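Peer 1: Protein sequence lines, in the order shown, are assigned to chains A and B. Everything in the first sequence is counted per my numbering, starting at 1 for the first residue and increasing by one. Everything in the second sequence is counted per my numbering, starting at 1 for the first residue and increasing by one. Just so it is clear, CB atoms sit at the ideal spot from N, CA and C, and this is done for glycine as well. Owing to the predicted nature of the structure, the values given are computational and were not obtained by experimental measurement. Sharing a structure with you now.
2 protein chains.
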Amino acid sequence: MREFDLIRVLTRRLRAARADTHLALGDDAAVLAPPAGHELVVSTDTLVAGRHFPRDAHAADIGFKALAVSLSDVAAMGAEPAWATLALTLPELDSTWCKAFVEGLLQAPGAARVDIVGGDTTRGPLSVTTTVFGLVPAGTAVRRSGAQAGDLLCVTGTLGDAALGLRLWQARPRMRENAHAQWLWQRLHRPQWRRGSALRGRAHAAIDISDGLLADAGHILVASGCGARIQAAALPCSPAFAALCPQADRHALQLAGGDDYELCIVVPRAAQAALAAQLDCPLTVIGVIEAQPGLSVVDAAGAPLPTGAYPGWDHFRS
Amino acid sequence: MREFDLIRVLTRRLRAARADTHLALGDDAAVLAPPAGHELVVSTDTLVAGRHFPRDAHAADIGFKALAVSLSDVAAMGAEPAWATLALTLPELDSTWCKAFVEGLLQAPGAARVDIVGGDTTRGPLSVTTTVFGLVPAGTAVRRSGAQAGDLLCVTGTLGDAALGLRLWQARPRMRENAHAQWLWQRLHRPQWRRGSALRGRAHAAIDISDGLLADAGHILVASGCGARIQAAALPCSPAFAALCPQADRHALQLAGGDDYELCIVVPRAAQAALAAQLDCPLTVIGVIEAQPGLSVVDAAGAPLPTGAYPGWDHFRS
Numbered sequence: 001m002r003e004f005d006l007i008r009v010l011t012r013r014l015r016a017a018r019a020d021t022h023l024a025l026g027d028d029a030a031v032l033a034p035p036a037g038h039e040l041v042v043s044t045d046t047l048v049a050g051r052h053f054p055r056d057a058h059a060a061d062i063g064f065k066a067l068a069v070s071l072s073d074v075a076a077m078g079a080e081p082a083w084a085t086l087a088l089t090l091p092e093l094d095s096t097w098c099k100a101f102v103e104g105l106l107q108a109p110g111a112a113r114v115d116i117v118g119g120d121t122t123r124g125p126l127s128v129t130t131t132v133f134g135l136v137p138a139g140t141a142v143r144r145s146g147a148q149a150g151d152l153l154c155v156t157g158t159l160g161d162a163a164l165g166l167r168l169w170q171a172r173p174r175m176r177e178n179a180h181a182q183w184l185w186q187r188l189h190r191p192q193w194r195r196g197s198a199l200r201g202r203a204h205a206a207i208d209i210s211d212g213l214l215a216d217a218g219h220i221l222v223a224s225g226c227g228a229r230i231q232a233a234a235l236p237c238s239p240a241f242a243a244l245c246p247q248a249d250r251h252a253l254q255l256a257g258g259d260d261y262e263l264c265i266v267v268p269r270a271a272q273a274a275l276a277a278q279l280d281c282p283l284t285v286i287g288v289i290e291a292q293p294g295l296s297v298v299d300a301a302g303a304p305l306p307t308g309a310y311p312g313w314d315h316f317r318s
Numbered sequence: 001m002r003e004f005d006l007i008r009v010l011t012r013r014l015r016a017a018r019a020d021t022h023l024a025l026g027d028d029a030a031v032l033a034p035p036a037g038h039e040l041v042v043s044t045d046t047l048v049a050g051r052h053f054p055r056d057a058h059a060a061d062i063g064f065k066a067l068a069v070s071l072s073d074v075a076a077m078g079a080e081p082a083w084a085t086l087a088l089t090l091p092e093l094d095s096t097w098c099k100a101f102v103e104g105l106l107q108a109p110g111a112a113r114v115d116i117v118g119g120d121t122t123r124g125p126l127s128v129t130t131t132v133f134g135l136v137p138a139g140t141a142v143r144r145s146g147a148q149a150g151d152l153l154c155v156t157g158t159l160g161d162a163a164l165g166l167r168l169w170q171a172r173p174r175m176r177e178n179a180h181a182q183w184l185w186q187r188l189h190r191p192q193w194r195r196g197s198a199l200r201g202r203a204h205a206a207i208d209i210s211d212g213l214l215a216d217a218g219h220i221l222v223a224s225g226c227g228a229r230i231q232a233a234a235l236p237c238s239p240a241f242a243a244l245c246p247q248a249d250r251h252a253l254q255l256a257g258g259d260d261y262e263l264c265i266v267v268p269r270a271a272q273a274a275l276a277a278q279l280d281c282p283l284t285v286i287g288v289i290e291a292q293p294g295l296s297v298v299d300a301a302g303a304p305l306p307t308g309a310y311p312g313w314d315h316f317r318s
């Protein structure tokens with residue numbers, strides 16, 4: 001198999017469908033027509049084998065995750081994803097692998113509304129770089145910098161699932177029959193990015209949780225020049241996480257575990273109910289924004305938990 | 001050094017300057033405002049160490065080339081580059097390397113008019129994926145598919161320099177004092193992509209020569225449903241190439257050597273002089289477009305040269 005055949009395998013399933021895609025794959029560059037009155041929201045992410053997915057991950061899961069992760073960044077801005085480019089570096093030209101990769105990619109939620117308009121295939125150690133383009137009505141993108149004292153700090157879905165799933169992935173021969181473990185592996189390999197259009201006009205700030213709650217909430221606080229207090233007991237937990245996570249590890253995984261691709265959202269109190277009603281997933285209030293910079297996590301009695309040992313927190317402080 | 005510091009090293013020199021860049025680095029995604037009446041032209045390229053640049057290439061050269069090769073794709077569409085994203089995968093966090101990489105990137109021609117608006121840094125085997133966004137007035141992008149019988153086939157600059165430069169790179173300890181070799185290494189490591197805005201309204205088709213003339217001209221012919229006859233004697237040759245390339249290898253390197261990032265342009269006879277006058281580099285007529293599909297290369301006496309052995313040609317035929 002040669003590179004040209006490989007590109008054919010990839011492109012056969014990636015036909016452009018949007019009316020505003022004027023030219024997609026097959027030329028030096030794509031030609032796109034963003035609608036008038038809109039801004040373009042652009043994000044790029046690289047997934048490297050052994051770092052962002054296990055080396056033995058399925059091709060379909062890698063394809064799914066490569067698209068989902070970038071869609072998540074665009075969603076965190078309140079944008080609707082419209083286009084993506086895909087740069088795939090592969091150790092060998094393997095058409096079975098590529099077919100599975102594309103099928104997985106097309107299974108990412110929202111993939112049907114996103115045209116893959118450009119790409120590159122190169123030989124080398126396995127990695128995928130995806131660049132996603134979303135659209136927002138001009139002036140409505142939700143940034144990290146709008147949090148205000150008194151706002152509520154919320155998260156979508158549940159936290160810690162992907163981090164626990166990754167830990168259990170090593171033990172999968174003996175956990176193959178465990179439905180909770182399988183669910184966590186789905187969370188790890190096939191993150192259900194949250195559609196962010198409901199954020200526009202409601203949220204003051206948002207970020208997607210890729211590096212862990214403390215690290216990512218920290219980015220909002222730094223950009224907004226404020227602080228936050230998080231209630232550890234309020235952190236939303238899935239049944240699978242509750243069943244399989246040792247008690248001693250819960251906070252670490254929920255506060256610093258990455259790869260959940262939930263949204264961390266700052267919303268004024270008055271808008272929280274309306275936002276929750278518009279989202280297609282649960283929204284949990286986990287804390288409040290404070291004027292004083294800093295990020296503390298407190299237990300049910302109000303006593304602060306130590307967070308300095310968590311890598312996410314460390315990252316935020318650096 | 002941690003990832004956060006590395007990002008700081010990279011971003012400090014990459015401040016956005018364009019008025020239509022509404023938000024650049026530092027959020028989940030960039031927010032861009034393409035001007036009304038324009039289309040967006042998008043291309044993505046990955047450079048992998050040991051494949052697209054020598055493993056011992058200088059960081060500054062890698063940065064320069066990473067941006068230049070993507071700008072070249074956008075230029076081949078007749079577009080003006082406006083924005084780029086940069087995904088950098090590095091084996092280790094090395095701030096000296098990163099500083100040199102960014103300085104090299106900023107030295108790419110046209111870099112001053114391009115805002116780097118997004119990126120990702122990951123650990124892994126060295127590679128760079130660049131996605132570039134250009135702008136064209138709506139409907140004016142130059143595609144591969146517009147070549148017509150009777151049009152002239154032209155190239156900018158000179159051919160074969162980068163391929164010869166790569167071959168001589170291995171011999172550099174004993175060629176360090178050779179000015180011709182140094183010039184060829186510049187061509188290899190610091191490709192001077194050609195600004196393509198002059199193509200609009202003049203060229204029928206264009207492509208940038210990254211895989212070799214035969215392969216890339218072949219893409220135009222397939223997309224346009226026609227053929228071409230190239231005069232081998234007309235292929236433009238640099239003084240350095242003429243001085244250092246063995247006679248027996250000239251055709252192979254000029255026809256099938258990649259990485260020159262010159263433009264291969266199809267232009268109607270009546271527009272050729274006007275196009276040449278608008279370009280900032282020499283434009284050489286190397287052949288004509290023919291109605292009959294196929295690509296032949298003939299010598300000064302009109303006899304066809306064998307081209308089947310060239311990888312570029314093979315790639316085109318597959």
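I want to verify the contact list: residues of chain B whose CB lies under 7 Å from the CB of A:P125, in sequence order.
Peer 2: Counted from its first residue, the first sequence places residue 125 of chain A at position 125. Correct list: G124, P125.
Peer 1: So is A:T46 buried or exposed if we call it buried at 16+ other beta carbons inside 10 Å?
Peer 2: Taking the first residue of the first sequence as 1, we reach residue 46 of chain A at position 46. The residue in question, A:T46, is buried, as its Cβ has 16 or more Cβ neighbours within 10 Å.
Peer 1: Is it buried or exposed, A:E92, if we count other Cβ atoms within 10 angstroms and call 16 or more buried?
Peer 2: The sequence position of residue 92 of chain A within the first sequence is 92, counting from 1. Exposed: under 16 other Cβ atoms inside 10 Å.
Peer 1: Give the straight-line distance between the Cα atoms of B:F241 and B:H180, rounded to the nearest whole angstrom.
Peer 2: The residue given as residue 241 of chain B occupies position 241 in the second sequence. The residue given as residue 180 of chain B occupies position 180 in the second sequence. Each residue's alpha carbon lies about 8 Å from the other.
Peer 1: With a 10 Å radius around its C-beta and 16 neighbouring C-beta atoms as the bar for buried, classify B:R307 as buried or exposed.
Peer 2: Against the second sequence, residue 307 of chain B aligns to sequence position 307. According to the sequence provided, residue 307 of chain B is Thr. The question's Arg does not apply to it. By the 10 Å Cβ count, B:T307 comes out buried.
Peer 1: Measuring straight from C-alpha to C-alpha, what distance separates A:G196 and A:V74?
Peer 2: On the first sequence, residue 196 of chain A is found 196 positions in, with the first residue counted as 1. On the first sequence, residue 74 of chain A is found 74 positions in, with the first residue counted as 1. Roughly 8 Å separates the two Cα atoms.
Peer 1: Which ranges does the alpha helix (DSSP H) cover as unbroken runs of at least 4 residues, wholly within the stretch 229-274 of chain A, from first to last along the chain?
Peer 2: Runs found: 239-244, 250-256.
Peer 1: Give me the chain A residues within the contact set of B:A138, using Cβ-Cβ distance strictly less than 8 Å, ordered along the chain.
Peer 2: Along the second sequence, read from residue 1 onward, the residue named residue 138 of chain B stands at position 138. Within 8 Å Cβ-Cβ: A33.
Peer 1: What does B:T89 reach in chain A if we use C-beta pairs closer than 8 Å?
Peer 2: In the second sequence, the residue the question calls residue 89 of chain B occupies position 89. Residues of chain A passing the Cβ test: T46, V48, S127.
Peer 1: For a contact meaning CB atoms closer than 8 Å, what does B:E39 contact in chain A?
Peer 2: In the second sequence, the residue the question calls residue 39 of chain B occupies position 39. Here the neighbours are H22, V31, L32, A33.
Peer 1: For B:T85 and chain A, any beta-carbon pair shorter than 8 Å?
Peer 2: Counted from its first residue, the second sequence places residue 85 of chain B at position 85. Cβ-Cβ to chain A under 8 Å: yes for B:T85.
Peer 1: Determine the DSSP secondary structure at A:V117, reduced to helix, strand or coil.
Peer 2: Stepping through the first sequence from its first residue, residue 117 of chain A is reached at position 117. Residue state, collapsed to three classes: strand.
Peer 1: Please tell me whether A:M77 has its Cβ less than 8 Å away from any Cβ of chain B.
Peer 2: In the first sequence, the residue the question calls residue 77 of chain A occupies position 77. By this cut-off, A:M77 is an interface position.
Peer 1: Closer than 7 Å by beta-carbon distance: list the chain B residues that pair up with A:A323, in chain order.
Peer 2: Nothing can be reported for residue 323 of chain A: it is not among the residues displayed for chain A, which extend from 1 to 318.
Peer 1: Identify the contact partners of A:R143 in chain B, using a Cβ-Cβ distance below 7 Å as the criterion.
Peer 2: Taking the first sequence and counting its residues from 1, the one referred to as residue 143 of chain A is at position 143. Chain B residues near A:R143: L23, D27.
Peer 1: Quick check on the DSSP output: the alpha helix (DSSP H) that includes A:I220 runs from which residue to which?
Peer 2: Along the first sequence, one-based indexing puts residue 220 of chain A at 220. First-last of the alpha helix (DSSP H) with A:I220: 213-224.
Peer 1: Apart from the five residues on each side of it in sequence, which residues of its chain come closer than 6 Å, Cβ to Cβ, to A:E262?
Peer 2: The sequence position of residue 262 of chain A within the first sequence is 262, counting from 1. Contacts found: V155, T156, G157, I209.
Peer 1: So, at 6 Å on beta carbons, what are the nonlocal neighbours of B:E39 in its own chain, with the 5 sequence-adjacent residues on each side left out?
Peer 2: Stepping through the second sequence from its first residue, residue 39 of chain B is reached at position 39. Contacts found: V136, A138.
Peer 1: Quick check: the Cα distance between B:F64 and B:V267, rounded to an integer number of angstroms?
Peer 2: Translated into positions along the second sequence, residue 64 of chain B becomes position 64. Translated into positions along the second sequence, residue 267 of chain B becomes position 267. Approximately 30 Å between the Cα atoms of the pair.
Peer 1: Which class does A:A60 belong to by DSSP, given the choice of helix, strand or coil?
Peer 2: Locating residue 60 of chain A in the first sequence gives position 60, where the first residue counts as 1. If DSSP states are grouped into helix, strand and coil, A:A60 belongs with the helices.
Peer 1: So, A:G294 versus A:L153, is the Cβ gap smaller than 8 Å?
Peer 2: Position 294 of the first sequence holds residue 294 of chain A. Position 153 of the first sequence holds residue 153 of chain A. Not a contact, by the Cβ cut-off of 8 Å.
Peer 1: For the stretch 197-221 of chain A, which residues have a beta carbon sitting closer than 7 Å to at least one beta carbon of chain B?
Peer 2: Of all residues in the stretch 197-221 of chain A, I207, D208 have a Cβ within less than 7 Å of some Cβ in chain B.
Peer 1: B:F53 bridges to which residues according to DSSP?
Peer 2: In the second sequence, the residue the question calls residue 53 of chain B occupies position 53. In DSSP, B:F53 forms a bridge with B:A49.
Peer 1: Just reading off the beta strand (DSSP E) that B:C346 is part of, what are its end residues?
Peer 2: The first residue shown for chain B is 1 and the last is 318, placing residue 346 of chain B beyond what the model contains.
Peer 1: At a cut of 8 Å, does the stretch 92-110 of chain A reach the stretch 28-44 of chain A through at least three beta carbon pairs?
Peer 2: Short answer: they don't touch.
Peer 1: So, with DSSP's three-state summary, where would you put B:I7?
Peer 2: Start at 1 with the first residue of the second sequence, and residue 7 of chain B comes out as number 7. Reduced to three states, the DSSP call for B:I7 is helix.
Peer 1: Is it right to say A:A163 is buried, meaning 16 or more other beta carbons lie within 10 angstroms of its own, or is it exposed?
Peer 2: Taking the first sequence and counting its residues from 1, one reaches residue 163 of chain A at position 163. The residue in question, A:A163, is buried, as its Cβ has 16 or more Cβ neighbours within 10 Å.
Peer 1: Which residues in the same chain as A:P236 place their Cβ atom closer than 8 Å to its Cβ, once the five residues preceding and following it in sequence are excluded?
Peer 2: One-based indexing of the first sequence puts residue 236 of chain A at position 236. Taken in chain order, the residues that qualify are V155, G157, T158, L159, P282, T284, I286.
Peer 1: Between B:M175 and the rest of its own chain, which residues show a CB-CB distance below 7 Å, the 5 nearest in sequence each way excluded?
Peer 2: Sequence index remark: in the second sequence, residue 175 of chain B carries index 175 (1-based). Once the five neighbours on either side are set aside, the close Cβ partners of B:M175 are L168, A181.
Peer 1: List, in chain order, every chain A residue whose beta-carbon is nearer than 9 Å to that of B:T131.
Peer 2: Taking the second sequence and counting its residues from 1, one reaches residue 131 of chain B at position 131. Those are V42, T44, T85, A87, G118, T129, T131, listed as they occur along chain A.
Peer 1: Closer than 8 Å, CB to CB, is A:V74 near chain B or not?
Peer 2: To locate residue 74 of chain A, count along the first sequence from 1; it is residue 74. So yes, A:V74 belongs to the interface.
Peer 1: For chain A, is any of its Cβ atoms less than 8 Å away from the one on B:R55?
Peer 2: Counting from 1 along the second sequence, the entry for residue 55 of chain B is found at position 55. Answer no: the Cβ-Cβ gap between B:R55 and chain A never drops below 8 Å.
Peer 1: For B:L14, name the three-state secondary structure that DSSP assigns.
Peer 2: As a working note, residue 14 of chain B is residue 14 in the second sequence. Note: B:L14 maps to coil in three-state DSSP.
Peer 1: Would you say B:A108 lies against chain A (beta-carbon separation less than 8 Å)?
Peer 2: Numbered from 1 along the second sequence, position 108 holds the residue referred to as residue 108 of chain B. By this cut-off, B:A108 is not an interface position.
Peer 1: I believe A:A76 touches A:T131 by the beta-carbon criterion, under 8 Å. Please report the beta-carbon distance rounded to the nearest angstrom.
Peer 2: Against the first sequence, residue 76 of chain A aligns to sequence position 76. Against the first sequence, residue 131 of chain A aligns to sequence position 131. About 16 Å; that fails the 8 Å criterion.
Peer 1: Identify the continuous beta strand (DSSP E) that holds A:H204 and give its terminal residues.
Peer 2: Walking along the first sequence from the start, residue 204 of chain A turns up at place 204. A:H204 -> no beta strand (DSSP E), and no H or E assigned at all.
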